[in-house]
Amino acid sequence: MSRTVAPPARRRLPKNWRAVGRPALIASVLIALVLVTDIVETAADIAGAATVDDVVLWINAGLFVLAGVAFIGWLWRARANAELLVGPHGQRLTREWVIGSWFCPVVNLWFPYQVVVDVWRASAPDRGCLRDGLVVWWWMTFAVSWLFTRFITLVGIVDVAPLLLSCALNLASGVFALLVVRQISDWQALPRT
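Numbering-wise, the UniProt record's numbering puts 7 at position 7 of the sequence shown, and it's gapless, one number per residue.
So this is what it looks like as structure tokens:
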């Protein structure tokens, strides 16, 4: 005798839910382009190809700004969805900090992390077994990369080892950012009750 199993009931997304797939894709493509141009720029810098280095540096800077805008746009939408899942008091910071946290001096060293980790936690389908490690690794590599790159630029260090370390930190930060965007977007694509 065969036993028929009913398909799982289709769960509904909360009212006012906005898909994050397209903003995630745009942010991810731009982040990937930043990583590629960072590798090319570092290689040109090490090889002493000043003209190529200058051109790619400007392209990289422009892509970095576009990727930042796309990432914040994706985060704004993901944060709005997270609020629908856990309520406005389930997030430590108000929604305005999704944007302001990146530009407000001093607090920009930890507020962006708090915004992302709160969205991460709210978006996870199984909050009881959740680990924040990926977000922690993203934020640590991002912060260290940003500070180290600014330091070697300010001091004028052009040795190979620091340039390679800066590039490696940028790559690690970018890869972790891509993984965070992907995971939160995948979680938010799942139907909810």
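For every residue, glycine included, the Cβ atom is placed at its ideal position computed from N, Cα and C.
Task: I157, DSSP secondary structure in three states - done: coil
Task: Proximity to S185 [Cα-Cα], best of L163, W146, A122 - done: A122
Task: Coarse secondary structure for R121, derived from DSSP in three states - done: helix
Task: Helix, strand or coil at P88 [DSSP, three-state] - done: helix
Open item on the list: Tell me whether the segment 15-24 and the segment 67-85 touch, counting them as touching only if at least three CB pairs, one residue from each stretch, are closer than 8 Å.
Closed with: yes
TODO: State the DSSP-derived secondary structure class of T94, mapped to helix, strand or coil.
DONE: coil
Task: Straight-line Cα distance separating A47 from E96 - done: 44 Å
Open item on the list: So G174 and V69 are supposed to be a Cβ contact under 8 Å. How far apart are they, rounded?
Closed with: In fact, because the Cβ distance is near 16 Å, the residues do not count as touching under 8 Å.
Task: Inter-residue Cα distance where the pair is P112 and G133 - done: 16 Å
Open item on the list: Rounded to the nearest angstrom, what separates L164 and V86 at their Cα positions?
Closed with: 42 Å
- [ ] Report yes if the C-beta distance between I31 and A177 is below 7 Å; otherwise report no.
- [x] yes
Open item on the list: Quick check: the Cα distance between R10 and A189, rounded to an integer number of angstroms?
Closed with: A caution first: R10 carries a pLDDT of 46, below 50, which makes its placement in the model too unreliable to give a value.
Task: Close beta carbons around A67, own chain, < 8 Å, minus the five adjacent residues each side - done: A27, L30, I31, L33, V34
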